[in-house]
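Residue numbers (the numbering used here), protein chains in the order written: chain A, 509 to 602; chain B, 356 to 687. Note that the Cβ used here is the ideal one computed from N, Cα and C, for glycine as well. Notes follow the structure.
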Amino acid sequence: MSSEWPLWEVFIRGQHGLNHRHVGSLHAPDAEMAIRNARDVYTRRNEGVSIWVVKSNEITASSPSEKGPLFDPSNSKVYRHPTFYDIPEEVGHM
Amino acid sequence: MYAQLVKSEGAKSREEMTPEEIAFQERIDRGEKIEPKEWMPEGYRKTLIRQIGQHAHSEIVGQLPEGNWITRAPTLERKQILLAKVQDEAGHGLYLYSAAETLGVSRDELLAALHSGKMKYSSIFNYPTLNWADIGAVGWLVDGAAIMNQVPLQRTSFGPYSRAMIRICKEESFHQRQGYDIMMKMCAGTPEQKAMAQDALNRFWYPALMMFGPSDKDSVHSAQSMAWKIKINTNDELRQKFVDQTVPQARYLGLTVPDENLTWNEDKGGHDFSEPDWSEFFEVIAGNGPCNAERLNARVKAWDDGAWFREGLMAHAGKAEARRRAAQVAAE
């Protein structure tokens, strides 16, 4: 029997109420141990207040070769940015 | 440097490159990060596995000479500090193994290659830590040299490696400072304690200089690795920086660097110094250093002795998962 523990991706919510953020990965036999190991490996210096772990092979990722078709369409939509609109100075801050 | 003598796969001139390889090199030249699933030349992938693997192995083998002193630290505070440092090294190994694994090699394969002697770790960890002053010297010099190497690697082209380096550098500076703190204490102590500190510097100076790898003129693999930005500075550049940084620190301690040729060279704005004995370096790399066998045996023993535990936890996880599924089915 192969004893290699599965790989987990670790997400940590920092102190300041931000989103959980991917910080790295680790091996663990199950979710409970993955959380404990993540505590030891990724929060030794007060880096977080909450941990998520997800099995790496359960993550679906976009393919690098589709980067163009996937993201290019947003390039041309400059009107989605506030800087697209000219507001006269007299109007004040908007 | 924690990764010395990393063999790089064939450097190619621009004429020999395929269009894909040219596009890849241009991305690196633009300062883009390469991510795991993206196309990369096979040589880039293989060289990185070697380099990151060697780096990871150095972190975990590096725990051994220091772990040796955890139970013998002179105070409870020093014991806690050393324990925290050694725990950090385990974490650093883990970050780096994870980065290597994104390139398609498994953790077990990497460890098997370490244990069989196929993959190397830094030569520095094959020297013994004979007394408490050595723990000071290791933190000050060995971690100092490692930081010198790792800071530029934060800008390396491979995303996961770069992110691991950033995390490691953030944690590493306490390692060097705690070592220097030990040295300051020893040097302010009795004449015997100061003599121990001097003796530790004498023994670790040249092995620390060797950490940066052979001189540039003998370093055949640098050019390709530098083009790929998996090596940022040459060995000699980093060694020079390390000497220039360390000499004033030794002077502050009232210790003498064991090199009678050490002088300040005004023209180059750096120190002239003696090269380490490179024949000793190649002997240690070849497996004939003072502690090679001991270090490798300790690693293999820890791995073999832990097999029942790793398997046991997997068996437990399997059973718990099966029970959970059965309960789910029953509930439906």
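query	result
Spatially closest choice to ALA539 (chain A) from A:SER564, A:ARG552 and A:ASP580, by CA coordinates	A:SER564
Own chain, CB closer than 7 Å to TRP658 (chain B), minus 5 neighbours either side, in chain order	LEU466 and HIS470
Contact set for PHE592 (chain A): own chain, Cβ-Cβ below 8 Å, skip 5 residues either direction	VAL586
Beta carbon proximity, ASP463 (chain B) to chain A, threshold 8 Å	yes
Contact between the segment 385-405 of chain B and the segment 619-632 of chain B (3+ Cβ pairs under 8 Å)	no
Cβ neighbour criterion (16 or more within 10 Å) applied to MET356 (chain B)	Confidence is the limiting factor: at MET356 (chain B) the pLDDT is only 46, short of 50, which leaves the residue's position unreliable and the question unanswerable from this model.
Cβ-Cβ distance between TRP513 (chain A) and HIS535 (chain A) below 8 Å	yes
Completely contained alpha helix (DSSP H) runs for the segment 552-633 of chain B, where each covers 4 or more residues	577-582 and 590-608
Simplified DSSP assignment, three categories, for LYS473 (chain B)	coil
N- and C-terminal bounds of the alpha helix (DSSP H) containing HIS410 (chain B)	397-416
Within chain A, the residues that ALA662 (chain B) reaches when beta carbons sit closer than 9 Å	SER511
Chain A within 8 Å of MET356 (chain B), Cβ atoms only	Because MET356 (chain B) carries a pLDDT of 46, less than 50, the predicted location of this residue cannot be relied on, and the following value inherits that uncertainty. Not an interface residue.
Min CB distance ASP580 (chain A) to chain B below 8 Å	no
Touch test, the segment 570-577 of chain A against the segment 539-555 of chain A, Cβ-Cβ under 8 Å, three pairs minimum	no
C-alpha gap between ALA662 (chain B) and GLY446 (chain B), whole angstroms	20 Å
The segment 639-654 of chain B / the segment 414-421 of chain B touching (three or more Cβ pairs under 8 Å)	yes
For LYS367 (chain B), the first and last residue of its enclosing beta strand (DSSP E)	Per DSSP, LYS367 (chain B) belongs to no beta strand (DSSP E) and is neither H nor E.
For PHE519 (chain A): DSSP bridge partner residues	A:HIS530 and A:TRP560
Span separating the alpha-carbon of ALA488 (chain B) from that of ARG521 (chain A)	40 Å
Sub-8 Å separation of MET336 (chain B) and ASN486 (chain B) beta-carbons	Not covered by the structure: residue 336 (chain B). The range shown for chain B is 356 to 687.
Buried versus exposed, by CB contacts within 10 Å (16 or more), ARG678 (chain B)	exposed
Minimum Cβ-Cβ distance from LYS325 (chain B) to chain A less than 8 Å	The requested residue 325 (chain B) is not part of the displayed model; chain B covers only 356 to 687.
Neighbourhood of TYR452 (chain B) by C-beta, 7 Å cutoff - its chain only, sequence neighbours within 5 removed	ALA411, ARG462 and LEU465
Any chain D beta carbon closer than 8 Å to LEU449 (chain B)	The structure shown contains no chain D; its protein chains are A and B.
Candidates B:LYS475, B:GLN505 and B:PHE513: closest to GLU390 (chain B) by CA position	B:PHE513
Cβ of SER477 (chain B) within 8 Å of any chain A Cβ	no
Segment contact, 8 Å Cβ cut-off, at least three pairs: the segment 555-571 of chain B with the segment 499-510 of chain B	yes
Cβ-based burial, TYR516 (chain B) [other Cβ within 10 Å; buried from 16]	buried
Residues of its chain near TYR535 (chain B), where Cβ-Cβ distance is below 6 Å and the 5 sequence neighbours each way are ignored	TRP495
N-terminal and C-terminal residue of the alpha helix (DSSP H) that PRO374 (chain B) is part of	374-384
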